[in-house]
Ligand SMILES: *Cc1c(COP(=O)(O)O)cnc(C)c1O
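Numbering (the numbering used here), first residue to last: 584 to 959.
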């Protein structure tokens, strides 16, 4: 049976190193904030070119801590794309602030600058204080951070990059992790860089901001854990997970190249029959997902069913945009609507994508997609 994401193949490759790393942790017994956590934070900073890396318990906490560190609170508007995973927006009302939904671009799946501009004007009109943007690097493709940085500076907004799917992505060879004020990521097992449980990290180039983030993640500590300067949270990456991530990070750049190869094979074989992902020439995707756009909802659902009948897994990310979710009912949005987010949720389909997808298996996926369209 073909896997949508094959974590076992990766484990087989790095098993010896993992065993060694895990044995080390069992031996020294520092299960919380042990030496592997610091080692990983240093390695991650080197990997993505961020001055500071602070690990935490998961990608949602990373976003929440980022908002806390930036002082987001009641009366503030935080601009979030509607076509993303719920965590990107869920953290906003938790701080007492208001998520304002922004539409995405059809080709990149990422936040649309025109829609963002309208949403910021609208937020001010309804009496909110425009405060921050959460830009998501959806499916592994970085949002247009150079444009977002300019827009944020011009409008006095903070820029947070939700890189849960985009760690390892590049714009003009600059790695995700160093754009905006703060970048957050997730090490959930199915993300491009995942551990064997929950995990997350926060990246920033700001010294004061990094200090604040370190304090917030440990109960708002001052000089030590029993000196509390502010209200914080308890959000740590386990030493065991850090040890596992050190082994995985070592092979991550090579895995991104493998993903790129898989993506290229899909695109070469399928771009004549179906709308394949579009990656701007200035960018490198980390290929968290390989996502097709179908002509209609009926066609998408039919293709998904056909693949399933032939033993090929596929997933819809995401079947409902956030502004249509009950949880976010009544949230403000771009006054011109979020038509692209609605359309994409009806028409996207993600194909099996991971660094160890065998050429023969990929051939089966490709043949099946082609057979579906030949039948029409
Ligand atoms: C997975 C994900 C998160 C949340 O990460 P967790 O580690 O599961 O909390 C946030 N944003 C996006 C875009 C994600 O894909």
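Every residue gets a Cβ at the ideal spot worked out from N, C-alpha and C, and that includes glycine. It should be emphasised that the depicted structure is a prediction, and the values quoted were computed from it without experimental measurement.
Contacts around residue i, its chain only, beta-carbon distance under 6 Å, and the 5 residues preceding and following it disregarded
i: residue 712; result: 658 and 659
i: residue 741; result: 653, 715 and 764
i: residue 787; result: 635, 765 and 793
i: residue 917; result: 685, 686, 698, 701 and 702
i: residue 857; result: 875
i: residue 651; result: 799
i: residue 689; result: 923
i: residue 623; result: 825, 828 and 829
Check: residue i C-beta below 6 Å from any heavy atom of ligand 1
i: residue 771; result: yes
i: residue 817; result: no
i: residue 643; result: yes
i: residue 748; result: yes
i: residue 671; result: yes
i: residue 783; result: yes
i: residue 745; result: yes
i: residue 766; result: no
i: residue 662; result: no
i: residue 667; result: yes
i: residue 687; result: no
i: residue 719; result: yes
Residue i, enclosing alpha helix (DSSP H) - first and last residue
i: residue 671; result: 670 to 677
i: residue 930; result: 922 to 930
i: residue 652; result: 642 to 652
i: residue 881; result: 880 to 892
i: residue 627; result: 618 to 631
i: residue 876; result: Residue 876 -> not in any alpha helix (DSSP H); beta strand (DSSP E) instead, spanning 873 to 876.
i: residue 656; result: Segment: none, residue 656 is in no alpha helix (DSSP H) and carries neither H nor E.
i: residue 958; result: Residue 958 -> no alpha helix (DSSP H), and no H or E assigned at all.
i: residue 611; result: 590 to 611
i: residue 698; result: 696 to 708
Own chain, CB closer than 7 Å to residue i, minus 5 neighbours either side, in chain order
i: residue 626; result: 829 and 832
i: residue 648; result: 639, 785, 796, 799, 800, 816 and 818
i: residue 677; result: 647
i: residue 600; result: 830
i: residue 768; result: 642, 645, 746, 747, 750, 783 and 784
i: residue 674; result: 643, 646, 647 and 650
i: residue 955; result: 886 and 889
First and last residue of the uninterrupted beta strand (DSSP E) at residue i
i: residue 907; result: No beta strand (DSSP E) holds residue 907; DSSP gives it neither H nor E.
i: residue 681; result: 681 to 685
i: residue 637; result: 635 to 639
i: residue 664; result: 659 to 664
i: residue 819; result: Element bounds for residue 819: n/a, residue is neither H nor E.
Beta-carbon proximity list for residue i, same chain, < 8 Å, skipping 5 on both sides
i: residue 877; result: 857, 858, 883, 886, 930, 931 and 932
i: residue 669; result: 905, 908 and 910
i: residue 944; result: 585 and 935
i: residue 743; result: 646, 649, 650, 653, 715, 716, 717, 718, 763, 764, 765, 766 and 767
Residue i: CB within 6 Å of a non-hydrogen atom of ligand 2
i: residue 942; result: Absence of ligand 2 is noted for the structure shown, with ligand 1 being the only ligands found.
Any C-beta of chain C under 7 Å from that of residue i
i: residue 636; result: Annotation note: the requested chain C is absent from the structure, which comprises a single protein chain.
| field | Any alpha helix (DSSP H) of 4 or more consecutive residues that is wholly inside the region 713 to 798 | value | Every alpha helix (DSSP H) of 4 residues or more that sits fully in the region 713 to 798 is shown, in chain order, as 728 to 738.
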